[in-house]
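Novice: If you use mature numbering (1 follows the signal peptide of the UniProt record, and there is no 0), the sequence shown corresponds to residues -21 to -1, 1 to 217, in order.
Have a look at this one before I ask anything.
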Amino acid sequence: MNARIASCVLTSLLLAGAAHANTATPAPAKLASNSFNAPARVTDTRFDAAAHVERGYNLLRQGKHDQAVKMFDKVIADSERQFAGDMRPRLCRSDGQDAAGAIVVDKALCEAHFGKGFALIDLGRGDLAENELRKASQMAPANAHFTNEYAELFKSRRDWQQSYDLFAKAWAVVDKTTGGADTKVAARALRGMGFTKAAMGQFDAAKGFYEQSLQYDPGSAIARAELGNIARRTAIGS
């Protein structure tokens, strides 16, 4: 190799080395620092039942009942996978009842059954809603709101005795403090008992329930109107 060729080769090698040195490749020390000091990225894949229930209720508010049912079904299906084969009764975690002999489940499951039942009623599928509302009220026996809604289903079917019994159950478990958080729920249970008693011709009992309901909801136009109806029916003897 002559001197001119050797000089060209050396120049090429030097240029290549300079170009390599100017690339963005991190120094070994920096690579080591990134590898050992950066926290590991962990993906939480747990099913968020409460978030699904909230989405379901939001869909109900938007009138998207079919989509709401599908959202609630995801919560129900997740619970069924968790407790597959376990035949013990379920009880919602926040219900406050004695859980002996029962599986304590996330309260979101009860909300999912209730929300699904509510959606099915609006979709005209009371036949399917009954099972969902029954499950919600059974798993949350201290939830008077659930039981009131279940009672309304039987009221719509004119099954007065069954409806009355459920309204009475709601009244038995509701917080009866006037001015408390559950006053509207308590008033609704009393109005339900009043309505069903009137439907069965027991006007004195119905009047008593409506008058009592006004202690919890003094502004109820429904209660006052029904008291007027009872007075007229009593006056004409029907």
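Every residue, glycine too, gets a C-beta built ideally from N, C-alpha and C.
#1: I think Lys148 touches Ser142, with their Cβ atoms under 8 Å apart; what is that distance to the nearest whole Å?
#2: Contact between the stretch 154 to 166 and the stretch 175 to 182: three or more CB pairs below 8 Å?
#3: What three-state label does DSSP hand Ile55 in the structure shown?
#4: Do you know how far the Cα of Gly35 is from the Cα of Phe26?
#5: Where Ala28 and Ala79 are concerned, what is the direct C-alpha to C-alpha distance, given to the nearest angstrom?
#6: Is Ala8 buried or exposed, if buried means 16 or more other CB atoms sit within 10 Å of its CB?
#7: What did DSSP end up calling Val84 once you bin it into helix, strand or coil?
#8: In the structure shown, what three-state DSSP assignment does Arg212 receive?
#9: How many Å lie between Glu109 and Arg212 at the Cα?
#10: Tell me which residues share the same chain as residue 271 and place their Cβ nearer than 7 Å to its Cβ, disregarding the 5 neighbours each side in the sequence.
#11: Which same chain residues end up closer than 6 Å to Leu169 when comparing Cβ atoms and leaving out the 5 residues on each side of it in sequence?
#12: List the whole-angstrom C-beta distance separating His31 from Ala98, where the pair is believed to meet the contact cut-off of C-beta under 8 Å.
#13: Answer yes or no: do Arg67 and Ala81 have a C-beta to C-beta separation smaller than 8 Å?
#14: Which runs of the alpha helix (DSSP H) spanning at least 4 residues fall entirely within the stretch 96 to 137, listed in chain order?
#15: Quick check on Arg34: does DSSP put it in helix, strand or coil?
#16: Whole-angstrom Cβ separation of Leu145 and Tyr129, contact assumed at under 8 Å?
#17: Where do the ends of the alpha helix (DSSP H) carrying Arg170 lie?
#18: Excluding the 5 residues preceding and the 5 following Val84 in the sequence, name in chain order all residues of the same chain whose CB lies nearer than 8 Å to its CB.
#19: Run through DSSP, which three-state label would Arg40 get?
#20: Check Arg69 in the structure and name its three-state DSSP category.
#21: Locate the alpha helix (DSSP H) running through Gly187, then write down its first and last residues.
Specialist: Looking at the coordinates:
#1: Going by Cβ atoms, the distance from Lys148 to Ser142 rounds to 11 Å, so no, they are not a contact pair.
#2: no
#3: helix
#4: CA-CA distance, Phe26 to Gly35, rounds to 15 Å.
#5: 24 Å
#6: Unreliable positioning characterises Ala8 in this predicted model, as indicated by a pLDDT of 35, which lies under 50. A coordinate reading is not provided.
#7: strand
#8: helix
#9: 32 Å
#10: No information on residue 271 is available, as it lies outside the stretch -21 to 217 that the chain covers here.
#11: Answer for Leu169: Phe188, Gln191, Ser192, listed in chain order.
#12: His31 to Ala98, Cβ: 14 Å. No contact.
#13: yes
#14: Considered as a whole, the stretch 96 to 137 harbours 105 to 118, 123 to 135 as its complete alpha helix (DSSP H) runs of no fewer than 4 residues, in chain order.
#15: helix
#16: 5 Å
#17: 162 to 178
#18: Ser58, Phe62, Arg69, Leu70, Cys71, Arg72, Met118
#19: In the structure shown, Arg40 sits in a helix (DSSP, three-state: H, G or I).
#20: strand
#21: 182 to 195
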